[in-house]
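For the sequence shown, this note's numbering gives the first residue as 22, with consecutive numbering after it.
Just so it is clear, CB atoms sit at the ideal spot from N, CA and C, and this is done for glycine as well.
For reference, the structure discussed in these notes is given below.
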Amino acid sequence: MTSIQTELAIVAAGPAGLAAAITAAERDIEVVVFEKASVAGGTANMGMGPLGVESRLQKELLIGITKEEAFQIMMEHTHWNVDARLVREYLWKSGETIDWLEDMGVTFDRPTKYYPGADETWHVVKPEDGGIPGPRAASAMTKVMYQQAKKLGVQFHFETPVKSLIKDDSGRITGFKAEAANGEIYEVEAKAVLVACGGFGNNPEMIREYTGHVDGKDMYGFRIPGIDGDGLKMVWNAGGGKSHMEMERILGNEIPNVGCFTSKLIFSQASALIINRQGYRIINEEEIKNGAVAANSISRQYKRDAFQIIDDSIIKHFKRNGPDFPSTVFRSDFTKLFYDEIDDMIEQYPEAVFKADTIEQLAEKLGINMDTLINTIEEYNEGCEKGYDDVMGKNRKYLHPLIGRTFYAQRISSSAYGSLGGVRTNHKLEVLTDEFETIPGLYAAGTDVCDLYAGTYCYRLGGNTMGFAINSGRIAADAAVDYIFDSIE
Ligand SMILES: Cc1cc2nc3c(=O)[nH]c(=O)nc-3n(C[C@H](O)[C@H](O)[C@H](O)COP(=O)(O)OP(=O)(O)OC[C@H]3O[C@@H](n4cnc5c(N)ncnc54)[C@H](O)[C@@H]3O)c2cc1C
22 MTSIQTELAI VAAGPAGLAA AITAAERDIE VVVFEKASVA GGTANMGMGP LGVESRLQKE
82 LLIGITKEEA FQIMMEHTHW NVDARLVREY LWKSGETIDW LEDMGVTFDR PTKYYPGADE
142 TWHVVKPEDG GIPGPRAASA MTKVMYQQAK KLGVQFHFET PVKSLIKDDS GRITGFKAEA
202 ANGEIYEVEA KAVLVACGGF GNNPEMIREY TGHVDGKDMY GFRIPGIDGD GLKMVWNAGG
262 GKSHMEMERI LGNEIPNVGC FTSKLIFSQA SALIINRQGY RIINEEEIKN GAVAANSISR
322 QYKRDAFQII DDSIIKHFKR NGPDFPSTVF RSDFTKLFYD EIDDMIEQYP EAVFKADTIE
382 QLAEKLGINM DTLINTIEEY NEGCEKGYDD VMGKNRKYLH PLIGRTFYAQ RISSSAYGSL
442 GGVRTNHKLE VLTDEFETIP GLYAAGTDVC DLYAGTYCYR LGGNTMGFAI NSGRIAADAA
502 VDYIFDSIE
């Protein structure tokens with residue numbers, strides 16, 4: 022067994038753990054980080070960038086959203102059903118955190134938004150080669166953060182998952198136990214411990230128990246390896262309380278986001294008709310632009326899914342006018358790609374993609390009552406002809422009747438970037454018991470504590486979860502360092 026003594030011991034090197042390590046090291050605290058994976062960066066290596074409000078970059082570009090406005094947006098979005106003080110601390114710090122990352126060497130593209138009408142808070146990271154930012158761009162940021170932490174003297178132990186926290190007789194957390202891939206056991210003694218293991222997005226049992234979703238049936242999440250709920254379990258086992266848990270839900274199905282992604286996305290345009298298994302419309306299809314909101318509507322349905330229906334005439338419209346929601350994936354002749362791919366998609370995913378020559382045949386394939394589907398489509402088509410959608414109020418520019426020749430349908434359900442919440446904390450990120458008492462020496466950050474959206478991920482303020490991870494890491498580290506200094510005095 023290897024024994025290590027340090028001042029702050031951090032569990033995990035995702036963006037929350039890295040931000041915490043740098044923050045503490047900047048205040049001359051000795052920091053040791055134990056990480057389960059072989060590299061730093063966690064889930065953020067898959068993403069594009071964090072939220073910031075009132076960053077230097079936004080001010081230079083005259084992007085006007087203020088902290089107060091962002092706070093108001095979050096509080097209206099959540100009906101105040103979250104820790105308002107924590108939201109405040111996070112948003113107030115977020116702009117300065119972007120500046121802090123830039124000063125470290127991270128470069129950002131122009132802040133952007135997730136969908137038309139949202140706010141430009143998403144600070145997408147520029148890739149290392151200076152190319153166009155895309156998926157995984159944020160790995161350039163975590164690389165800089167890791168190098169900065171190393172420069173400041175932070176010690177890292179990779180492939181060494183932490184197994185349990187150590188608590189002394191007075192109730193203080195004084196370290197943890199970890200076990201390396203080669204079987205080596207570590208016992209780390211620390212003045213404070215900070216946990217940031219990224220939630221339980223890769224743990225189907227916990228997903229089922231705490232969110233009701235069934236992996237592979239009505240939940241097709243990203244399932245990032247290693248994100249197994251370890252942080253939650255170790256904190257709960259040490260007496261930490263539980264907070265509300267949910268999935269960071271967006272739209273998804275069993276078709277992976279590689280391969281036929283463009284064809285999959287052709288269904289997710291405002292012009293498609295969305296119906297449930299009873300054959301009724303359930304949403305203004307324009308709302309599909311905000312995947313978190315649309316996922317709410319769809320996950321309320323029987324079997325937590327719905328069908329998106331398009332036809333050749335709508336595809337022809339896209340060919341002439343482009344998709345309803347432009348995206349970098351719609352390159353060259355994307356409608357030809359659709360026709361090239363669709364039969365393979367049907368063969369590969371027979372429960373998710375369908376094609377039919379008539380509405381009657383479509384009803385049969387989808388298992389929907391024929392008369393109801395015919396009525397719904399007739400009613401919808403009449404609305405399209407009038408240019409007025411009396412059922413859901415869809416904008417007339419997206420009203421294109423379904424007339425054939427061929428009809429195509431995609432089953433749509435839920436996906437998730439990961440989970441949200443689980444560890445109860447206060448706004449300083451001190452871990453609390455279920456009785457709201459602090460556990461001395463124990464702090465948590467990132468997804469493990471991110472109970473910030475009250476059921477619906479706040480897509481309007483893009484970069485929200487990675488933003489929270491980095492900022493909560495910084496806030497938690499500052500609180501832990503204050504505690505360490507107090508305990509020395
Ligand atoms: C495809 C994809 C794209 C995304 N894009 C964005 C985006 O652009 N903007 C945005 O805001 N959010 C995005 N997200 C979400 C964002 O990446 C996460 O919110 C963020 O990474 C959470 O940070 P974290 O530090 O809390 O946890 P994570 O980044 O998940 O890191 C957790 C770390 O804990 C480690 N760990 C787990 N158990 C242990 C253990 N027992 N001991 C030691 N280490 C352990 C893991 O190996 C991992 O390194 C995206 C997510 C996905 C899947």
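Between the options, which has its C-alpha nearest residue i's C-alpha?
i    : options                   : result
E406 : H421, M95 and S353        : H421
M413 : D455, E307, A33 and A159  : E307
R481 : K172, D251 and P137       : P137
P132 : G151, L82 and F177        : L82
R48  : Y419, D503 and Y429       : D503
E269 : R244, T393 and S292       : R244
K238 : E275, N224 and M266       : E275
I424 : E451, K198, I395 and G63  : I395
G242 : K57, T64 and I509         : T64
E97  : T486, Y474 and D499       : Y474
Y111 : C471, Y478 and G476       : C471
M366 : L286, G300 and S436       : L286
G388 : Q369, H338, K198 and Q299 : Q299
Y438 : K415, M487, V452 and A430 : M487
M227 : E267, W143 and V214       : E267
F339 : A139, A291, E362 and Y323 : A291
Mind checking residue i: buried by the 16 CB within 10 Å criterion, or exposed?
i    : result
E230 : exposed
F506 : exposed
F328 : buried
E89  : exposed
A497 : buried
M240 : buried
C202 : Note that residue 202 corresponds to Ala in the displayed sequence, not to Cys. Burial call: exposed.
R511 : Beyond the ends of the chain as shown, which are 22 and 510, falls residue 511; an answer cannot be given.
P154 : buried
I295 : buried
V214 : buried
R445 : buried
S59  : exposed
Are residue i and residue j closer than 8 Å when you measure CB to CB?
i    : j    : result
S318 : A37  : no
K188 : T195 : yes
L8   : V52  : Given a span of 22 to 510 for the chain in the structure shown, any question on residue 8 remains unanswerable.
V256 : A465 : yes
S185 : G443 : no
G404 : A217 : no
H448 : R77  : no
G262 : T379 : no
D249 : F282 : no
I19  : V103 : For the chain, the structure presents residues 22 to 510; residue 19 sits outside this window and is missing.
M162 : V175 : no
A211 : I460 : no
I491 : V209 : no
I31  : V54  : yes
A40  : E56  : no
A377 : F428 : yes
G70  : A159 : yes
R432 : A384 : no
S320 : S435 : yes
K310 : F346 : yes
N67  : C479 : Sequence check: residue 67 is Met here, not Asn. No, Cβ-Cβ distance for M67 and C479 is not below 8 Å.
Can you tell me where the alpha helix (DSSP H) holding residue i begins and where it ends?
i    : result
D239 : Unbroken run through D239: none, as it is neither H nor E.
R193 : Taken as a continuous stretch (DSSP letters only), R193 belongs to no alpha helix (DSSP H), as it is neither H nor E.
D507 : N485 to I509
S24  : Unbroken run through S24 is the beta strand (DSSP E), T23 to Q26; no alpha helix (DSSP H).
P99  : Position check: residue 99 holds Thr in this sequence, whereas Pro was assumed. That run of the alpha helix (DSSP H) goes K88 to T99.
T393 : M391 to K407
R341 : D333 to N342
A384 : I380 to L387
Q176 : Per DSSP, Q176 belongs to no alpha helix (DSSP H); it is in the beta strand (DSSP E), Q176 to H178.
L29  : Note, L29: premise wrong, no alpha helix (DSSP H); beta strand (DSSP E) at L29 to V32.
I296 : Per DSSP, I296 belongs to no alpha helix (DSSP H); it is in the beta strand (DSSP E), L294 to I296.
F359 : F355 to Q369
Would you mind reading off the limits of the beta strand (DSSP E) that contains residue i?
i    : result
V374 : V374 to A377
A437 : F428 to L441
P461 : T459 to A465
R270 : E267 to G273
Y207 : I206 to E210
A213 : A213 to V216
L453 : E451 to L453
Please indicate yes or no: does the CB of residue i lie closer than 7 Å to some heavy atom of ligand 2?
i    : result
K188 : This structure lacks ligand 2; its bound ligands are ligand 1.
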